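Q: My questions all concern the structure below.
In the numbering used here, the protein residues as written are 84 to 492.
Following this line, the structure appears as structure tokens:
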């Protein structure tokens, strides 16, 4: 079977969509299938092309047996609605133009968060007369409203009509959460065509590590209790809450030896750094994005991992992928996301849940875990056990079975 996968995020980018797609495709190749990925020059989230790549019409490489075709796109940083939409649309058009040069394809998959990539998958499926699968990673464009990037408008209403059209035309919808499936069914989409394949963890990479003492010395955090957030610094993540908690810690005798590490990039990174400077925070360390190989060393520094999204109804339906990486690393979690993901944290017993954007609860949770090493050890052991339920290899196999069913039908 030859699978054509369209995605505008792919390694060496290190965000969740890039990792999921690569790890799934890698496993499908190992299962004996041919996989071609059409993507763009790696540039997320800063909007700058990575070293070793160029933003040109066509470039090709092979990664772990996956044929990767990179096409030209309009590149911009991960900020600003209009420019980002132009970025998405340029990839859609380039992917449609490139796809006919990929021969003998059995099925095409388009992945969100944004659905212009899925629009391309639909057009390619019509041109090649093959089925297409919609991998649903986010309810877009509703998430635009949720983070306040754009108010109610005719543009968003029109985009939602396109969204529903794509749901109906897909041969199969692969949702990353059960909540997304419920939303689609309530909107009239046939439940029988929706399957849930959650995010997971690459257990060969994200596993318990000894603290990297050399890195700790480099950052000046030896002997400190380290809490950290690793991921995108965007509008959706509400990281002001973390800075406010850091201020409380800095002003408290109980928090004098606590350091907060924020690793990643995104639309809010500059504002967060400026705010930390204005607040006079000496206990917050900002680090730019690093490679997937390097990020494990930073995870190893953490005593506790913070996961946080803004307090909005839509985010009760999402499951941040870093939750599974924390499980694999054996890291206790302070989880500031309500809904389905909070249910996982509580049922698996791998951390504490706090109300999103509640500084008091985050502050109290940090001190509780700092003062109770036996509780941290309990969460660590429970997380490692839970990681077995979300092994990426098994999840990739589950999705492959669904793809086979679509092709056979």
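For glycine and all other residues, C-beta sits at the position ideal for the given N, C-alpha and C.
In this text the structure is predicted, and so the values were computed from the model without any measurement.
Looking at C-alpha atoms only, which residue of 245, 84, 417 and 122 is the closest neighbour of residue 91?
A: Along the chain shown, read from residue 1 onward, the residue named residue 91 stands at position 8. Closest by alpha carbon: 122.
Q: So is residue 202 buried or exposed if we call it buried at 16+ other beta carbons inside 10 Å?
A: Taking the first residue of the chain shown as position 1, residue 202 is located at position 119. Label assigned to residue 202: buried.
Q: Going by beta-carbon coordinates alone, are residue 257 and residue 482 separated by less than 9 Å?
A: The residue given as residue 257 occupies position 174 in the chain shown. The residue given as residue 482 occupies position 399 in the chain shown. Yes, the pair counts as a contact, with Cβ atoms nearer than the cut-off.
Q: Assign residue 495 to one of three DSSP states: helix, strand, or coil.
A: An answer regarding residue 495 cannot be provided, because it is not within the stretch 84 to 492 covered by the chain.
Q: For the alpha helix (DSSP H) containing residue 290, list its first residue and its last residue.
A: In the chain shown, counting from the first residue as 1, residue 290 sits at position 207. Neither: residue 290 is in no alpha helix (DSSP H) and is coded neither H nor E.
Q: Report buried or exposed for residue 139, applying the criterion of at least 16 other Cβ atoms within 10 angstroms of its Cβ.
A: If you number the chain shown from 1, residue 139 lands on position 56. So residue 139 counts as exposed.
Q: By the three-class DSSP mapping on this structure, what secondary structure does residue 448 have?
A: Taking the chain shown and counting its residues from 1, one reaches residue 448 at position 365. Annotated three-state conformation of residue 448 is helix, per DSSP.
Q: Assuming residue 504 is part of the beta strand (DSSP E), what are its boundary residues?
A: Absent from the model: residue 504. The displayed extent of the chain is 84 to 492, so no value can be given.
Q: With a CB to CB cut of under 6 Å and the five nearest residues on each side skipped, what residues in its chain are close to residue 359?
A: Position 276 of the chain shown, counted from the first residue, corresponds to residue 359. Correct list, in chain order: 326 and 367.
Q: Could you tell me which residues DSSP puts in a beta bridge with residue 216?
A: Within the chain shown, residue 216 is the residue found at index 133, counting from 1. According to DSSP, residue 216 bridges with 192 and 255.
Q: What's the gap between the Cα of residue 385 and the Cα of residue 314?
A: Translated into the one-based positions of the chain shown, residue 385 becomes position 302. Translated into the one-based positions of the chain shown, residue 314 becomes position 231. Looking at the backbone, the Cα of residue 385 and that of residue 314 are separated by about 14 Å.
Q: By the DSSP assignment, the alpha helix (DSSP H) with residue 480 in it spans what residues?
A: As a working mapping, residue 480 is identified with position 397 in the chain shown. First-last of the alpha helix (DSSP H) with residue 480: 475-491.
Q: Which runs of the alpha helix (DSSP H) fall wholly inside the stretch 381-438 and span at least 4 residues, in chain order?
A: 405-412 and 423-431
Q: Out of 104, 434, 84 and 353, point me to the one whose CA is closest to residue 196's CA.
A: By one-based count along the chain shown, residue 196 stands at place 113. Residue 104 is the option with its Cα nearest to residue 196.
Q: With a cut-off of 8 Å on the beta carbons, I'd call residue 439 and residue 394 a contact; round off their distance for me.
A: Here residue 439 refers to the residue found at position 356 when the chain shown is read from its first residue. Here residue 394 refers to the residue found at position 311 when the chain shown is read from its first residue. About 4 Å; that satisfies the 8 Å criterion.
Q: Report all residues from its chain with a CB closer than 7 Å to the CB of residue 266; omit the five preceding and five following residues, and keep chain order.
A: Numbered from its first residue, the chain shown carries residue 266 at position 183. Answer for residue 266: 222 and 400, listed in chain order.
Q: Taking 9 Å as the threshold (C-beta atoms), are residue 97 and residue 378 in contact?
A: Taking the first residue of the chain shown as 1, we reach residue 378 at position 295. Taking the first residue of the chain shown as 1, we reach residue 97 at position 14. Cβ atoms of residue 378 and residue 97: closer than 9 Å.
Q: Provide the residue span of the beta strand (DSSP E) that contains residue 312, from first to last.
A: As a position in the chain shown, residue 312 is number 229, starting the count at 1. Annotation: the continuous beta strand (DSSP E) that includes residue 312 extends over 308-313.
Q: How many Å lie between residue 199 and residue 245 at the Cα?
A: Within the chain shown, numbered from 1, the residue matching residue 199 stands at position 116. Within the chain shown, numbered from 1, the residue matching residue 245 stands at position 162. Their Cα atoms are separated by approximately 9 Å.
Q: Taking 8 Å as the limit between beta carbons, can you name the residues of its chain near residue 464, skipping five residues before and five after?
A: Numbered from 1 along the chain shown, position 381 holds the residue referred to as residue 464. Residues of the same chain with a CB within less than 8 Å of the CB of residue 464, apart from the 5 flanking positions on each side, are 413 in chain order.
Q: Please classify residue 183 as buried or exposed, where buried requires at least 16 other C-beta atoms within 10 Å of its C-beta.
A: As a first step, residue 183 is located in the chain shown; it is residue number 100 there, counting from the start. Burial call: exposed.
Q: If I measure Cβ to Cβ from residue 274 and keep anything under 6 Å in the same chain, skipping five residues before and after, which residues do I get?
A: Locating residue 274 in the chain shown gives position 191, counting from the first residue. If we look at residue 274 and ignore the five residues flanking it on each side, its Cβ neighbours are 268.
Q: Taking contact to mean at least 3 C-beta pairs separated by less than 8 Å, is the stretch 436-452 in contact with the stretch 307-324?
A: Between the stretch 436-452 and the stretch 307-324, the count of Cβ pairs shorter than 8 Å is three or higher; the stretches touch.
Q: Note down the Cα distance separating residue 490 from residue 329, rounded to an integer number of angstroms.
A: On the chain shown, position 407 is the one that residue 490 refers to. On the chain shown, position 246 is the one that residue 329 refers to. Straight-line Cα distance between these residues: approximately 52 Å.
Q: Is residue 144 helix, strand or coil by DSSP?
A: For the purposes of this step, residue 144 is taken as the residue at position 61 of the chain shown. DSSP places residue 144 in strand when its eight states are reduced to three.
Q: Report the start-end ranges of each alpha helix (DSSP H) in the stretch 89-175 that is 4 residues or longer and not cut off at the edges.
A: 99-113
Q: Between which two residues does the beta strand (DSSP E) carrying residue 367 extend?
A: Counting from 1 along the chain shown, the entry for residue 367 is found at position 284. Looking at the DSSP string, the run of the beta strand (DSSP E) that includes residue 367 is 367-370.
Q: By DSSP, does residue 272 sit in helix, in strand, or in coil?
A: As a first step, residue 272 is located in the chain shown; it is residue number 189 there, counting from the start. In the three-state scheme derived from DSSP, where H, G and I count as helix and E and B as strand, residue 272 is classed as coil.
Q: Just the C-alpha distance for residue 420 and residue 260, rounded to the nearest angstrom, thanks.
A: For the purposes of this step, residue 420 is taken as the residue at position 337 of the chain shown. For the purposes of this step, residue 260 is taken as the residue at position 177 of the chain shown. Looking at the two C-alpha atoms, the distance is approximately 14 Å.
Q: Any idea if residue 348 is buried or exposed, counting beta-carbon neighbours within 10 angstroms, 16 or more meaning buried?
A: On the chain shown, position 265 is the one that residue 348 refers to. Residue 348 comes out buried.
Q: Evaluate residue 365 with the Cβ neighbour count: other Cβ atoms within 10 Å of its Cβ, from every protein chain shown; 16 or more gives buried, anything less gives exposed.
A: Taking the first residue of the chain shown as 1, we reach residue 365 at position 282. Its Cβ having fewer than 16 others within 10 Å, residue 365 is exposed.
Q: Residue 334 to residue 340, Cα distance in whole Å?
A: The sequence position of residue 334 within the chain shown is 251, counting from 1. The sequence position of residue 340 within the chain shown is 257, counting from 1. So the two alpha carbons sit approximately 11 Å from each other.
Q: Where do the N-terminal and C-terminal ends of the beta strand (DSSP E) with residue 207 fall, by residue?
A: Within the chain shown, the letter at position 124 stands for residue 207. Unbroken run through residue 207 is the alpha helix (DSSP H), 199-211; no beta strand (DSSP E).
Q: Buried or exposed, going by whether 16 or more other CB atoms sit within 10 Å of the CB of residue 137?
A: Position 54 of the chain shown, counted from the start, is the residue given in the question as residue 137. Residue 137 is exposed by the Cβ-count criterion.
Q: Verify whether the separation of the beta carbon atoms of residue 276 and residue 300 is less than 9 Å.
A: Looking up residue 276 in the chain shown gives position 193. Looking up residue 300 in the chain shown gives position 217. Contact flag unset, no.
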